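J.: Provided herewith is a single structure, encoded as structure tokens, for subsequent inquiry.
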Amino acid sequence: MEVPLSTKYQVLLVQPNFKIGGNSFTGYWLPYSIGCLWSYACSFDNISDNFEVSDIVYKREDPDKLVERTKHSNIALFSCYMWNWEWTKVVAQKLKEQNPEITIIFGGPQITNRPLEENFFDNHPYVDSISLNEGEETTVKMLESYLAGEPLEQIYQGGRLDELDIPSPYLTGVFDKIMEANPGVVWNGTLETNRGCPFACTFCDWGSLTYAKIKKFPMPKVLQELTWLAENKIDYVTIADANFGVFTDRDLQVTETLVALQKEYGFPKVVDATWYKNSSDEILEIVKKFIGSGFNRGLTLSVQSMDMDVLTEIRRRNMEASDLKMIFDKCNKEQIPSYTELILGLPGETFNSWRRGLCEIIEAGQHNTVESWLAQLLENAHMNRPDEREKHKLSTIVVENYVGGFEEEDNVSERVELVTGTKNMPCDKFLEAWMYSWMINNFHNFGWSQALTRFLRRYKNFTYLEMYDYLFQALKDDEGVVGGFYKHAQSQMEHYLATGSDSNMEDGWSGHTYMWQIQPDFHKNRQHVVDFVNKTFNLEYTELDQSLYKRLLQFQHDYVTDEPTEYPYSSQHPFNFWEFINGLDEFRERDTVYEINIGEDVKGDDYYDRFYFRRRQGWGKSVFSKND
């Protein structure tokens with residue numbers, strides 16, 4: 035029997051996300067996950083006839099103000115993630131205190147899949163029920179029990195939907211009211227073309243939550259959602275597939291549709307994706323279309339480790355170094371910027387395997403960005419199980435606000451647990467490994483040593499491991515300005531890894547961001563950095579002809595010349611350094627001398643713009659380029 039409108043049960047939907055771009059940006063995510071639950075639930079007449087949404091919470095608010103506005107709701111559904119977990123608990127507890135009759139339901143990846151073992155309800159007495167795994171069907175079961183006046187079970191174990199033909203929150207109007215009520219907000223959207231992951235990496239919970247299988251959403255629905263996102267001027271779209279590109283024909287169709295929609299509507303402006311782990315030629319074609327439309331500026335390769343023992347331990351099937359080289363060769367040939375990620379703190383990794391892995395990636399041809407991240411212990415990841423933590427002797431710290439931009443007014447800090455040491459890599463070696471990454475990032479990624487080392491690799495057959503081990507020791511021994519930068523960064527990181535506090539870091543930098551935010555200091559002290567690199571890779575070390583050595587140093591200097599502060603700038607190159615280090619030609623003198631003259635009114639052609647002034651190319655841009 036249908037309940038009159040005035041007596042419909044009021045459901046509060048809560049899924050606050052962090053701001054994209056941090057506090058300096060106004061873009062907010064439409065709460066896609068909780069929207070999916072509600073759109074599916076409302077496809078059942080007994081739910082849509084008897085329940086309605088009282089409010090949708092899409093951003094972090096002051097808990098007291100939020101509770102005062104929403105305390106009369108009958109049911110509150112919370113979608114819990116690491117970036118809203120602490121805030122969610124505060125809000126839920128306050129709601130229960132203000133309205134003891136309200137039913138509080140938690141779901142999402144932050145909810146432990148071992149609730150009884152971990153005494154979840156004793157630790158969170160304000161929570162009435164939790165939903166585990168996929169939440170669409172469990173949400174319906176909970177609401178039906180509530181409607182029938184039956185006590186809700188504490189734990190609802192969701193299974194996998196046999197079919198993903200579920201109503202879209204976009205197409206069914208779930209977000210219409212909050213968008214109409216907030217006309218000045220820049221909205222970001224989430225798109226699922228499939229759900230699940232075929233991998234079972236121990237540091238991740240995606241594969242385990244989806245039983246390591248992939249299910250596809252119907253293509254007509256996906257295409258309709260794409261049109262909705264464009265028509266509604268959604269600025270930033272993230273494709274939430276665990277492995278976009280795994281279904282190349284479908285994913286190419288999605289990409290081509292996005293390109294066409296952007297041409298017609300001007301939206302979306304940015305599209306982000308987590309690429310399929312085993313990249314192929316077909317994926318590169320998709321990436322090129324992304325780049326051509328300005329959606330994305332490169333291919334991300336989540337390698338995580340180059341050591342086979344580590345990969346075996348974390349249950350990850352990875353590409354071989356030869357496969358990486360093939361991909362990088364193609365990227366470099368077709369001018370596709372690339373970005374490679376490693377995770378420091380995985381079981382089995384040692385300091386030696388870590389430094390070798392970083393240099394192996396460079397050997398394979400990665401000269402844009404090799405990014406290192408600290409291993410994070412996710413709630414339901416296999417690696418986070420008590421027996422696994424003990425087995426690998428994981429040392430950890432808990433840090434605050436590591437995961438994005440937050441509202442200043444909510445006054446609740448989020449926390450994540452990061453690995454700082456393992457059985458195979460004690461804390462002192464962990465710090466040393468991080469500093470090795472600091473060196474690779476600041477000298478190779480940003481170009482301060484890249485031209486030199488790339489030339490020496492091909493011309494003298496020096497390995498990158500040999501050269502960067504040598505540079506690493508030089509950093510430790512240097513008593514000058516550059517050595518001071520290294521020692522300062524080391525002391526900052528040592529404090530961070532020991533305490534989890536970034537209180538001694540300038541300008542609110544975290545342990546990770548300090549990895550690259552030293553670059554302004556490098557540029558302010560450019561000559562000191564150049565002199566340090568030249569002193570390290572000196573004539574005695576390189577064993578080059580003095581005239582060639584002098585030209586090579588000039589070439590390296592040009593590689594890091596910081597325009598426009600050095601206008602007008604002039605340089606001559608009688609050798610084909612650029613073509614040689616990129617494997618395009620054998621080393622030779624040019625028939626004619628290349629002369630570079632850059633004035634304030636000269637923007638430079640594409641060739642020199644790409645070469646001389648694109649040191650940071652992880653996303654196709656230099657952080658100091660006049661064209662950024």
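Mapping to this note's numbering: the sequence shown position 417 is 451, numbers consecutive. Where is the CB? At the ideal position from N, CA and C, for every residue including glycine. Since the model is a prediction, treat every value here as computed from it, not as a measurement.
Quick check: what's the CA-CA separation for residue 362 versus residue 320?
T.: Those two C-alpha atoms are separated by around 16 Å.
J.: Hey, could you find the ends of the beta strand (DSSP E) residue 193 is sitting in?
T.: Run containing residue 193: none; DSSP gives neither H nor E here.
J.: Threshold first: 3 residues or longer. Then list the beta strand (DSSP E) segments lying entirely within the stretch 237-273, N to C.
T.: If we require 3 residues or more, the beta strand (DSSP E) runs fully inside the stretch 237-273 come out as 248-250.
J.: Hey, which unbroken runs of the beta strand (DSSP E) at 3 residues or more fall wholly within the stretch 440-466?
T.: Within the stretch 440-466, the complete beta strand (DSSP E) runs of at least 3 residues are 449-455.
J.: Can the beta-carbon of residue 401 be found closer than 8 Å to that of residue 488?
T.: Contact flag set, yes.
J.: Distance, Cα to Cα, residue 573 vs residue 325?
T.: Those two C-alpha atoms are separated by around 41 Å.
J.: For my contact list, residue 171 and residue 195 are in at a C-beta cut-off of 8 Å; report their separation, rounded to the angstrom.
T.: Rounded, the Cβ-Cβ distance is 7 Å, consistent with contact.
J.: Would the stretch 461-470 and the stretch 375-394 be scored as touching if the rule is three or more Cβ pairs under 8 Å?
T.: Enough Cβ pairs lie closer than 8 Å, so yes.
J.: Would the stretch 259-279 and the stretch 300-309 be scored as touching if the rule is three or more Cβ pairs under 8 Å?
T.: Yes: at least three Cβ pairs fall under 8 Å.
J.: For residue 637, I'd like the list of residues in its chain whose CB is within less than 6 Å of its CB, leaving aside the five on either flank, ordered along the chain.
T.: With a pLDDT of only 40 at residue 637, under 50, the local geometry of the prediction cannot be trusted, and no value is derived from it.
J.: Between the alpha carbons of residue 341 and residue 76, how many angstroms are there, rounded?
T.: Roughly 49 Å separates the two Cα atoms.
J.: Could you tell me the alpha carbon to alpha carbon distance between residue 139 and residue 112, rounded to whole angstroms?
T.: So the alpha carbons of these two residues sit roughly 6 Å apart.
J.: For residue 225, write down the residues that DSSP places opposite it in a beta bridge.
T.: According to DSSP, which records beta bridges pairwise, residue 225 is partnered with 273.
J.: Could you pull out every residue in the same chain whose Cβ sits closer than 6 Å to the Cβ of residue 73, ignoring the five residues on either side in sequence?
T.: These residues qualify, in order along the chain: 201, 203, 206 and 208.
J.: Can you tell which of 68, 494 and 484 has the C-alpha that lies nearest to the C-alpha of residue 165?
T.: It is 68.
J.: Can you give the Cα-Cα distance for residue 82 and residue 97, rounded to whole angstroms?
T.: Going from the Cα of residue 82 to the Cα of residue 97 covers about 29 Å.
J.: Using only alpha-carbon positions, find the residue among 455, 301 and 628 that is nearest to residue 267.
T.: Of the listed residues, the one whose Cα sits closest to residue 267 is 301.
J.: In the DSSP assignment, find the beta strand (DSSP E) that holds residue 62 and state where it starts and stops.
T.: That run of the beta strand (DSSP E) goes 61-63.
J.: Note down, one range per segment and in chain order, each alpha helix (DSSP H) of at least 4 residues found wholly within the stretch 61-136.
T.: Segments of the alpha helix (DSSP H) lying fully in the stretch 61-136: 66-75, 79-82, 97-104 and 119-132.
J.: Out of curiosity, what's the CA-to-CA distance linking residue 611 and residue 579?
T.: Between residue 611 and residue 579, the C-alpha separation is close to 15 Å.
J.: Looking at the unbroken beta strand (DSSP E) that takes in residue 504, where does it start and where does it end?
T.: That residue, residue 504, is in no beta strand (DSSP E); its alpha helix (DSSP H) goes 498-511.
J.: To the nearest angstrom, how far is the alpha carbon of residue 332 from that of residue 280?
T.: Cα to Cα, the separation comes out at about 17 Å.
J.: Considering Cα atoms alone, identify which of 127, 192 and 180 is closest to residue 167.
T.: Checked all of 127, 192 and 180; the closest Cα to residue 167 is 192.
J.: Going by other Cβ atoms of all chains shown within 10 Å of its Cβ, with 16 needed for buried, is residue 490 buried or exposed?
T.: Under this definition residue 490 is a buried residue.
J.: On the DSSP bridge list, what partners appear for residue 607?
T.: Paired residues: 628.
J.: Classify residue 148: buried if its beta carbon has 16 or more other beta carbons within 10 angstroms, exposed otherwise.
T.: So residue 148 counts as exposed.
J.: Quick one: using the 10 Å Cβ neighbour count with 16 as the cut-off for buried, is residue 57 buried or exposed?
T.: Model confidence at residue 57 stands at a pLDDT of 42, short of 50, so the residue's coordinates are unreliable; what they give is reported in the following sentence. That one is exposed.
J.: Who are the Cβ neighbours of residue 26 in its own chain at under 6 Å, not counting the five residues just before and after it?
T.: Residue 26 lies beyond the stretch modelled for the chain, which goes from 35 to 662, so this question has no answer here.
J.: So the beta strand (DSSP E) residue 306 belongs to, where does it begin and stop?
T.: Per DSSP, residue 306 belongs to the beta strand (DSSP E) from 304-309.
J.: What span of residues does the alpha helix (DSSP H) with residue 434 cover, start to end?
T.: No alpha helix (DSSP H) holds residue 434; the beta strand (DSSP E) holding it covers 429-434.
J.: For residue 478, count neighbouring C-beta atoms within 10 Å of its own C-beta (all shown protein chains included) and say buried if the count is 16 or more, exposed if not.
T.: Residue 478 should be labelled buried.
J.: Can you tell me the Cα-Cα spacing of residue 598 and residue 484, whole angstroms?
T.: At residue 598 the pLDDT is 42, less than 50, meaning the model places this residue with poor confidence; the figure from the coordinates comes in the next sentence. Between residue 598 and residue 484, the C-alpha separation is close to 21 Å.
J.: Touching or not, the stretch 458-466 and the stretch 126-137, by the rule of three or more beta carbon pairs under 8 Å?
T.: The answer is no - the stretch 126-137 does not touch the stretch 458-466, with fewer than three Cβ pairs under 8 Å.
J.: Return the CA-CA distance between residue 225 and residue 317, expressed in angstroms with no decimal places.
T.: Straight-line Cα distance between these residues: approximately 18 Å.
J.: Compare the C-alpha of residue 459 against each of 517, 500, 528 and 378 and name the closest.
T.: Nearest of 517, 500, 528 and 378 to residue 459, Cα basis: 378.
J.: For residue 430, which residues from the same chain have a beta carbon less than 7 Å from its beta carbon, with the 5 sequence-adjacent residues on both sides left out?
T.: Excluding residues within five positions, the ones whose Cβ falls inside 7 Å are 411, 451, 452, 453 and 454.
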